[in-house]
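Notes follow the structure.
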Amino acid sequence: MKILFTGGGTGGHIFPIIAVAREIKKLQISAPEQSKTKLKLFYIGPRDPFGEIFLSQEGIKIKSIYAGKFRRYLDADALVQNFIDIFFKIPIGIFQSFFYIFFLSPDLIFSKGGYGSLPPVLTSWILGVPIFLHESDVIPGLSNRILSRFSSLIFVSFPKTEYFPLSKTALVSNPIRRELLDGSVNEAKKVFKLRAEKNRPLILILGGSQGARRINDLVLNILPQLLNDFEIIHQCGDKNFKQVRAEANIVIKKEQQEYYHLYPFLREGEIKHAYKACDLVICRSGSSSIFEISAFGKPSILVPLPEAAQNHQAKNAQVYAKTGATLIIEEANLTPHFFLDRLNSLFSHPENLEKMKEEAIRFSRPEAAKKIAQSIVSYLLG
Numbered sequence: 001m002k003i004l005f006t007g008g009g010t011g012g013h014i015f016p017i018i019a020v021a022r023e024i025k026k027l028q029i030s031a032p033e034q035s036k037t038k039l040k041l042f043y044i045g046p047r048d049p050f051g052e053i054f055l056s057q058e059g060i061k062i063k064s065i066y067a068g069k070f071r072r073y074l075d076a077d078a079l080v081q082n083f084i085d086i087f088f089k090i091p092i093g094i095f096q097s098f099f100y101i102f103f104l105s106p107d108l109i110f111s112k113g114g115y116g117s118l119p120p121v122l123t124s125w126i127l128g129v130p131i132f133l134h135e136s137d138v139i140p141g142l143s144n145r146i147l148s149r150f151s152s153l154i155f156v157s158f159p160k161t162e163y164f165p166l167s168k169t170a171l172v173s174n175p176i177r178r179e180l181l182d183g184s185v186n187e188a189k190k191v192f193k194l195r196a197e198k199n200r201p202l203i204l205i206l207g208g209s210q211g212a213r214r215i216n217d218l219v220l221n222i223l224p225q226l227l228n229d230f231e232i233i234h235q236c237g238d239k240n241f242k243q244v245r246a247e248a249n250i251v252i253k254k255e256q257q258e259y260y261h262l263y264p265f266l267r268e269g270e271i272k273h274a275y276k277a278c279d280l281v282i283c284r285s286g287s288s289s290i291f292e293i294s295a296f297g298k299p300s301i302l303v304p305l306p307e308a309a310q311n312h313q314a315k316n317a318q319v320y321a322k323t324g325a326t327l328i329i330e331e332a333n334l335t336p337h338f339f340l341d342r343l344n345s346l347f348s349h350p351e352n353l354e355k356m357k358e359e360a361i362r363f364s365r366p367e368a369a370k371k372i373a374q375s376i377v378s379y380l381l382g
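In structure tokens, the structure reads:
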């Protein structure tokens with residue numbers, strides 16, 4: 001059984017793929033001896049050194065290809081880059097994909113969407129390889145809209161997601177790694193050396209694998225005020241770590257340092273404990289973040305990325321906020337005074353935080369990866 005994965009190349013694509021791959025392996029291990037087949041997992045997509053580390057750790061073999069984006073904003077640089085991507089990178093990516101997939105001969109390709117999935121999925125259709133898609137966002141991306149017509153089955157994260165034929169669409173939510181749910185408050189205290197004082201809530205601030213500059217800037221602007229009342233675990237992104245650390249060391253008082261825990265990136269063995277222990281999460285509103293937060297039943301403040309394609313992060317956040325599980329602060333309103341006012345208001349009304357927890361749990365569907373894996377294996381063993 002050879003399964004090929006593809007996606008856009010960011011953490012938002014890579015970690016759901018890993019979640020599905022792990023569930024496929026579990027199904028393979030637990031299958032009766034007479035129905036077991038040798039399982040081989042592969043990934044094809046644009047070069048992504050960060051993602052490739054995690055895929056390799058899962059035993060997934062990787063093939064890098066060229067892939068191109070279509071930029072909707074019209075300035076001179078975008079027009080030039082669109083020309084290069086459409087007429088050079090995408091055709092080269094299709095050419096690379098064709099030879100790789102032809103000789104690999106996978107039994108199925110599972111795509112997480114994104115610009116990087118276009119060449120492999122188009123090639124798979126040409127070669128007659130069955131195609132399963134997953135759409136993370138409320139508003140489907142351009143690649144998935146194009147590729148959906150060639151797909152056998154389309155999984156979606158949100159009930160409000162449109163554009164796909166109902167006859168081949170399944171609502172499952174966004175795949176999260178089941179292992180994340182093994183977090184422990186006691187382990188969090190050890191891993192992060194938390195003070196864990198009773199009247200000092202713990203806030204988890206996530207800037208994503210690449211960091212979130214505006215969120216980091218806000219935190220640095222109000223860090224002394226935050227540390228008067230809260231303990232903080234802050235993932236700032238690899239490329240921002242040295243700068244954030246230097247500025248934080250300048251602005252915070254000596255007696256506050258033990259309440260601030262700064263990391264470039266939280267790996268699985270760290271973030272699962274941080275999620276479990278925290279009282280509130282502050283992050284962007286990518287689909288993966290929303291479904292991880294909800295699986296832990298954590299209240300949150302979401303700051304949608306305004307530059308996200310088709311404003312999909314804002315749409316994701318709006319759908320989630322309608323449940324009452326989160327508070328949205330648009331980046332344009334991300335001022336120190338406004339943010340502190342909303343934050344203090346939340347913790348001044350613990351009954352509201354409790355309601356947010358309940359709604360987050362009600363929204364969550366942590367079995368998505370397992371359901372997708374079952375669908376893939378059932379289709380192939382048919």
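Okay, so the sequence shown: first residue is 1 according to full-length UniProt numbering, each after it adds one.
We put the CB at the ideal spot given by N, CA and C, even for glycine.
Item	Value
Residue interval of the beta strand (DSSP E) (run including Pro46)	40-46
Per-residue burial, Phe83 [other beta carbons within 10 Å of its own, 16 or more giving buried]	exposed
Coarse secondary structure for Ala332, derived from DSSP in three states	helix
Beta-carbon proximity check, Ser136 vs Thr6, cutoff 7 Å	no
For Leu340, the three-state DSSP class (helix, strand or coil)	helix
Start and end residues, beta strand (DSSP E) containing Gln235	231-235
Beta carbon proximity, Leu147 to chain C, threshold 7 Å	Structure shown: chain C not included; a single protein chain is present.
Beta-carbon proximity list for Leu41, same chain, < 6 Å, skipping 5 on both sides	Ile3, Ala21, Ile60
Exposed unless 16 or more other CB atoms sit within 10 angstroms - verdict on Pro16	buried
C-beta contact flag for Ala157 and Ser173 at 7 Å	Sequence check: residue 157 is Ser here, not Ala. Cβ atoms of Ser157 and Ser173: closer than 7 Å.
CA nearest to the CA of Gly8, picked from Tyr43, Glu33, Ala196, Gln225	Tyr43
N- and C-terminal bounds of the alpha helix (DSSP H) containing Ala76	76-84
Unbroken alpha helix (DSSP H) run spanning Ser124, endpoints	118-126
Option nearest Ile328 by Cα separation, candidates Asp77, Pro336, Gln318	Gln318
Per-residue burial, Glu351 [other beta carbons within 10 Å of its own, 16 or more giving buried]	exposed
The beta strand (DSSP E) enclosing Phe296, as first and last residue numbers	Run containing Phe296: none in the beta strand (DSSP E); it sits in the alpha helix (DSSP H), 287-296.
Cut-off 8 Å between Cβ atoms - residues of its own chain near Leu353, not counting five sequence neighbours on either side	Asp279, Leu280, Pro299, Leu346, Phe347
First and last residue of the uninterrupted beta strand (DSSP E) at Phe5	2-6
Closest residue to Gln96 among Ala369, Pro106, Leu39, Gly45 (Cα-Cα distance)	Gly45
Proximal residues to Phe54 (C-beta, below 7 Å), its chain only, five neighbours per side dropped	Ile14, Ile18
Test item: CB-CB of Tyr263 and Gln235 under 7 Å	yes
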